[in-house]
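Add 27 to a position in the sequence shown, counting from 1, and you land on the number used in my numbering.
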Amino acid sequence: MEGYVCIITGANSLTGIGRAAAYSFAKKNAKVIYVTDIKDDNLYSLAEDVKTTTGVDCIGMKADASCDEDILAVINAAMDKYGRLDVFFANAGVAGRHPFVNQTKEAYMEMMSVNAWSAFAACKYASIAMQKTSEEKPVSGGAIICTASVGGVRSGGGPMSYSASKAAVINTVQTAAWRLHGTNIRVNAVCPGLIKTEMTDVVFAAIEGRPELEKSLMRTIALERYGRPEEVSETVAFLASSAGSYITGQDIKVDGGISAAMPYSVFFGES
């Protein structure tokens with residue numbers, strides 16, 4: 028990834044995949060990493076820490092990943108300063124908790140906007156920027172990676188609206204990969220399983236102090252443990268780099284084997 032100009036959305040959480048991705052990209056010697064999020068209380072300290080600890084330029088920008096104008100502002104900032112865009116990691120997302128019979132249309136559409144539209148917008152706007160050439164970048168190309176979920180692969184992996192939105196991300200990636208044929212732009216999704224992040228705190232709270240329930244949950248995972256954010260971010264960095272140059276249109280599961288059988292409802296009820 029040496030010389031790459033990169034953008035990451037959903038990077039504010041202290042325990043998130045987006046934050047981990049900033050360090051994974053820096054380890055691969057990216058030229059600059061733009062870290063963005065609709066929240067910014069941890070964003071600028073992340074950018075500063077990446078610069079201090081790795082020597083890689085990192086810039087924090089507050090941006091709503093589901094807002095076209097915000098995403099264009101980040102892309103334009105990168106293009107104006109560096110004249111190229113090589114990697115866009117569309118990681119922003121939210122998770123719902125309500126049973127589907129209590130879900131409102133407004134809440135459902137908000138889920139779709141944040142999770143699915145943000146991936147569509149990333150593919151749309153990032154691909155336009157990635158096709159621009161210059162003396163430094165003589166040929167079109169780049170990598171777009173979107174965070175989906177094992178919940179988008181099959182039923183039983185999460186609440187209905189969340190799973191539907193992540194299924195949309197997977198199909199968006201597959202379709203975009205084909206629509207962009209001939210541009211040298213690769214589009215892939217990562218599908219995390221049970222990763223210990225802020226988003227999954229509700230799961231870990233449910234099993235805290237209940238060793239038998241925790242043991243039963245871990246037995247649904249082939250590796251019998253939860254995953255770490257960096258285990259996903261290292262996969263993202265691989266897909267973004269030249270090492271993943273023949274991979275496009277794929278949904279890569281980083282789930283410890285849980286997608287073989289995901290009995291979400293057994294532990295947490297129907298939703």
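Glycine residues also receive a C-beta, built at the ideal position from the N, C-alpha and C atoms.
Looking at Gly82, Val230, Val214, Ser72, the one whose alpha-carbon comes closest to that of Ile171 is Val214. The beta-carbon distance between Thr81 and Ala53, rounded to whole angstroms, is 4 Å. This is short enough to meet the 8 Å contact definition. Counted as a single uninterrupted DSSP element, the stretch harbouring Val230 is not any beta strand (DSSP E) but the alpha helix (DSSP H) occupying residues 228 to 234. Under the three-state reduction of DSSP output, Lys89 falls in the strand class.
With a cutoff of 8 Å on beta-carbon distance, Val141 and Gly120 are scored as near each other. A straight line joining the alpha-carbon of Glu163 with that of Ile197 spans about 32 Å. Counting only the Cα atoms, Ala104 lies some 16 Å from Gln158.
Contact annotation: Leu70 and Ala49 have beta-carbon atoms that are not nearer than 8 Å.
For secondary structure counted as the alpha helix (DSSP H) over 4 or more consecutive residues, the region 80 to 146 holds these complete runs in sequence order: 95 to 109, 132 to 139. Taking the C-beta atoms as reference points, Ile212 is found nearer than 8 Å to Gly169. Taken in chain order, the complete alpha helix (DSSP H) segments of 4 residues or longer contained in the region 233 to 273 are 238 to 245, 256 to 267. Here the alpha carbons of Pro219 and Ala175 stand approximately 7 Å from one another.
Take the alpha-carbon of Leu240 and the one of Asp64: they are about 34 Å apart.
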